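Engineer:
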Amino acid sequence: MEVTKVLVPVNGERVDEEVIKLACTIARRRKGKVYVVYVIQVKRALPLDAEIESETQKGEKILKRAERIAGELDYQVETELLQAREVGPALVDEAVERGVDLILMGINYKKRFGEFNLGSTVPYVLKNAPCRVLLWREPIE
Amino acid sequence: MYIIVVGGGKVGYYLSKTLLSEGHEVLILEKDAKKCEAITEELGSVIVRGDGCEARTLADAGTERADMLIAVTNEDEDNLVACQVAKYKFKVPRTIARINNPKNERIFKKLGIDVTVSSTNLILEHIEEEVPTHPLVHLLTLKGGSLEIVEVKIPQNSSVAGKRMKEIDLPPGSVICLMIGKWGAQVPSGDTILEAEAQVIAVTRPEAEEALRAALTGS
Chain A
-10 MEVTKVLVPV NGERVDEEVI KLACTIARRR KGKVYVVYVI QVKRALPLDA EIESETQKGE
50 KILKRAERIA GELDYQVETE LLQAREVGPA LVDEAVERGV DLILMGINYK KRFGEFNLGS
110 TVPYVLKNAP CRVLLWREPI E
Chain B
94 MYIIVVGGGK VGYYLSKTLL SEGHEVLILE KDAKKCEAIT EELGSVIVRG DGCEARTLAD
154 AGTERADMLI AVTNEDEDNL VACQVAKYKF KVPRTIARIN NPKNERIFKK LGIDVTVSST
214 NLILEHIEEE VPTHPLVHLL TLKGGSLEIV EVKIPQNSSV AGKRMKEIDL PPGSVICLMI
274 GKWGAQVPSG DTILEAEAQV IAVTRPEAEE ALRAALTGS
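So the protein lines, in turn, are chains A and B.
Each residue of the first sequence is one higher than the last, beginning at -10 in the numbering used here.
Each residue of the second sequence is one higher than the last, beginning at 94 in the numbering used here.
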């Protein structure tokens, strides 16, 4: 698998660390780039470009942690804070804009109404991303 | 401009598509899950599944900051409620409702809906223009429906043909602005003689329309 650009969405969960490390390992083979993004979901009640200070601070903190994790592997990542109405379309747009070869997503094992549930972002990206998508699921706890 | 469109049917879809291409921020509210899915595929994340008549749904949609709400569902009642909630609860500056039954137009106006669009009336007006079977044709509605510009063709056998304008008993509030006869267009004065077969353009009130038609056709 020849990968030169990897997009890694993060959301501050423990799984972020694993996927950032994996993305760096994959990208290192071809001296590729790793883009780490955090998407602030803006409610319709606010304009898309509204400044939500608490969310921005949270996002910046998560992205700084991502840089630190990559730094431990001696790898530099590019980070970006995005604002969107929905996370899935924002990730696909970002992947297209940056021309990435791979989106590497990490999720936890989550249940909803007693059933395993992927949420809405992962299925959207799997269905709509033009590039490869690698899904990393954490073990069942 | 932030515009909320209630109803994701054919009208709502094409309307939203056009508004988006003009650079507006658009959000569609639609109850039907299949329609939501189809529109998301086509237009992206510009649709929220929910009932546009419910205050909760409208609040989540950010109606408070909307510049305009357009209700275009198939149900007149839903369009009325969505516009009223938007106008009176969320203070949306402009509300526009689609009306399917033309009889509801007056009620909508009375209840404060800013603009109403009746597809039935629009089609009828076009038919009247293209196929003039009726001596009176609506050309334009003015002042939110309180005045209208109409065209009346003076029949050959009309009792008013050959009379001076000042001799014709027009209903109150009606004004003849233009007469297009065999000599061309002219702004009529009191002494202008009404020609048979001439087209008369007049401004009138909707309630005086029938009386104007009778006065000019002599029937």
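In this text, a Cβ means the ideal position worked out from N, Cα and C, and glycines have one as well.
From a predicted model like this one, the values you see are computed outputs, not experimental measurements.
At least one CB of chain B closer than 7 Å to the CB of Pro78(A): is that the case?
Structural biologist: Here residue 78(A) refers to the residue found at position 89 when the first sequence is read from its first residue. It does: the Cβ of Pro78(A) has a partner Cβ on chain B nearer than 7 Å.
Engineer: By how many angstroms is the C-alpha of Ile163(B) removed from the C-alpha of Gly145(B)?
Structural biologist: Stepping through the second sequence from its first residue, residue 145(B) is reached at position 52. Stepping through the second sequence from its first residue, residue 163(B) is reached at position 70. Roughly 10 Å between the two C-alpha positions.
Engineer: Among Val(-5)(A), Val23(A), Glu40(A) and Gly77(A), which one has its Cα closest to the Cα of Asn117(A)?
Structural biologist: Position 128 of the first sequence, counting from 1, holds the residue named residue 117(A). The candidate whose alpha carbon is nearest that of Asn117(A) is Gly77(A).
Engineer: What residues in its chain sit with their C-beta under 7 Å from that of Tyr106(B), if we drop five residues either side in the sequence?
Structural biologist: Here residue 106(B) refers to the residue found at position 13 of the second sequence. So the qualifying residues of the chain are Ile132.
Engineer: Between the Cα of Leu91(A) and the Cα atoms of Asn0(A), Glu6(A), Glu7(A) and Lys22(A), which residue gives the shortest distance?
Structural biologist: Your numbering for residue 91(A) matches position 102 in the first sequence. The residue with the shortest Cα to Cα distance from Leu91(A) is Lys22(A).
Engineer: Say yes only if the C-beta of Ser114(B) is nearer than 6 Å to one or more non-hydrogen atoms of the ligand SAH, and no if none qualify.
Structural biologist: With respect to the ligand SAH, the structure offers nothing, as it holds no ligand at all.
Engineer: With DSSP as the reference, identify every bridge partner of Leu120(B), one or two as the case may be.
Structural biologist: Within the second sequence, the letter at position 27 stands for residue 120(B). Looking at the DSSP assignment, Leu120(B) forms a beta bridge with Ile97(B).
Engineer: Roughly how many angstroms separate the alpha carbons of Ser282(B) and Glu260(B), rounded to a whole number?
Structural biologist: Translated into the one-based positions of the second sequence, residue 282(B) becomes position 189. Translated into the one-based positions of the second sequence, residue 260(B) becomes position 167. Rounded to whole angstroms, Ser282(B) to Glu260(B) spans 11 Å at the Cα level.
Engineer: Check whether the Cβ of Glu75(A) lies closer than 7 Å to any Cβ atom in chain B.
Structural biologist: The sequence position of residue 75(A) within the first sequence is 86, counting from 1. At least one chain B Cβ lies under 7 Å of Glu75(A).
Engineer: Classify Ser211(B) as helix, strand or coil using the three-state DSSP reduction.
Structural biologist: Against the second sequence, residue 211(B) aligns to sequence position 118. Strand at Ser211(B).
Engineer: Rounded to a whole number of angstroms, what is the C-alpha to C-alpha distance between Val154(B) and Val141(B)?
Structural biologist: Sequence index remark: in the second sequence, residue 154(B) carries index 61 (1-based). Sequence index remark: in the second sequence, residue 141(B) carries index 48 (1-based). Val is not the amino acid found at residue 154(B); the sequence shown has Ala there. Straight-line Cα distance between these residues: approximately 8 Å.
Engineer: Taking Tyr133(A) as the reference, which of Ala73(A), Tyr64(A) and Thr110(A) has the closest Cα?
Structural biologist: Lying before the first or after the last residue shown, residue 133(A) is absent from chain A, which here runs from -10 to 130.
Engineer: Can you list, in chain order, the residues of its chain with a C-beta nearer than 6 Å to that of Val210(B)? Leave out the 5 residues immediately preceding and following it.
Structural biologist: For this step, residue 210(B) is matched to residue 117 along the second sequence. Excluding sequence neighbours, Val210(B) sits near Arg191.
Engineer: Of all the residues that make up the region 154 to 178 of chain B, which are near chain A by a beta-carbon distance shorter than 9 Å?
Structural biologist: Ala154, Gly155, Thr156, Glu157 and Arg158
Engineer: Which ranges does the alpha helix (DSSP H) cover as unbroken runs of at least 4 residues, wholly within the region 116 to 194 of chain B, from first to last along the chain?
Structural biologist: 126 to 136, 148 to 153 and 169 to 177
Engineer: Which two residues bound the contiguous alpha helix (DSSP H) that contains Tyr113(A)?
Structural biologist: Position 124 of the first sequence, counted from the first residue, corresponds to residue 113(A). Element bounds for Tyr113(A): Thr110 to Asn117.
Engineer: Out of Ala308(B), Glu244(B) and Ala301(B), which has the shortest C-alpha to C-alpha gap to Ala291(B)?
Structural biologist: On the second sequence, residue 291(B) is found 198 positions in, with the first residue counted as 1. Nearest option by C-alpha distance: Glu244(B).
Engineer: Could you please give the first and the last residue of the uninterrupted alpha helix (DSSP H) stretch that includes Arg199(B)?
Structural biologist: Taking the first residue of the second sequence as 1, we reach residue 199(B) at position 106. From DSSP, the alpha helix (DSSP H) with Arg199(B) extends over Glu198 to Lys203.
Engineer: So is Arg33(A) in contact with chain B if we call contact Cβ pairs under 7 Å?
Structural biologist: Taking the first residue of the first sequence as 1, we reach residue 33(A) at position 44. It does: the Cβ of Arg33(A) has a partner Cβ on chain B nearer than 7 Å.
Engineer: By DSSP, does Lys100(A) sit in helix, in strand, or in coil?
Structural biologist: Locating residue 100(A) in the first sequence gives position 111, where the first residue counts as 1. Note: Lys100(A) maps to strand in three-state DSSP.
Engineer: Per DSSP, what kind of secondary structure is Cys120(A) in: helix, strand or coil?
Structural biologist: Position 131 of the first sequence, counted from the start, is the residue given in the question as residue 120(A). Reduced to three states, the DSSP call for Cys120(A) is coil.
Engineer: Name the residue from Leu233(B), Thr285(B), Leu235(B) and Leu229(B) whose alpha carbon lies nearest to the alpha carbon of Pro248(B).
Structural biologist: Within the second sequence, the letter at position 155 stands for residue 248(B). Nearest C-alpha to Pro248(B): Leu229(B).
Engineer: Starting from Thr(-7)(A), trace the alpha helix (DSSP H) both ways and give me its first and last residue.
Structural biologist: Here residue -7(A) corresponds to residue number 4 of the first sequence, with the count starting at 1. Element bounds for Thr(-7)(A): n/a, residue is neither H nor E.
Engineer: Are Val(-8)(A) and Leu93(A) touching if we call contact CB-CB under 7 Å?
Structural biologist: Taking the first residue of the first sequence as 1, we reach residue -8(A) at position 3. Taking the first residue of the first sequence as 1, we reach residue 93(A) at position 104. Not a contact, by the Cβ cut-off of 7 Å.
Engineer: On the three-state DSSP scale, how would you describe Gln65(A)?
Structural biologist: As a position in the first sequence, residue 65(A) is number 76, starting the count at 1. Three-state result, Gln65(A): coil.
Engineer: Rounded to the nearest angstrom, what separates Gly100(B) and Ala301(B) at their Cα positions?
Structural biologist: Locating residue 100(B) in the second sequence gives position 7, where the first residue counts as 1. Locating residue 301(B) in the second sequence gives position 208, where the first residue counts as 1. One C-alpha to the other measures close to 36 Å.
Engineer: Considering Gly1(A), what are the terminal residues of the beta strand (DSSP E) in which it resides?
Structural biologist: Within the first sequence, numbered from 1, the residue matching residue 1(A) stands at position 12. Counted as a single uninterrupted DSSP element, the stretch harbouring Gly1(A) is not any beta strand (DSSP E), since DSSP gives it neither H nor E.
Engineer: Measuring straight from C-alpha to C-alpha, what distance separates Gly108(A) and Ile96(A)?
Structural biologist: As a first step, residue 108(A) is located in the first sequence; it is residue number 119 there, counting from the start. As a first step, residue 96(A) is located in the first sequence; it is residue number 107 there, counting from the start. For Gly108(A) and Ile96(A), the distance between alpha carbons rounds to 10 Å.
Engineer: Out of Gly116(B), Ala289(B), Ala278(B) and Ile97(B), state which residue places its alpha-carbon closest to the alpha-carbon of Pro333(B).
Structural biologist: In this structure chain B extends from 94 to 312, so residue 333(B) is not present and cannot be described.
Engineer: Return the CA-CA distance between Leu173(B) and Ile206(B), expressed in angstroms with no decimal places.
Structural biologist: One-based indexing of the second sequence puts residue 173(B) at position 80. One-based indexing of the second sequence puts residue 206(B) at position 113. Whole-angstrom Cα-Cα distance: 8 Å.
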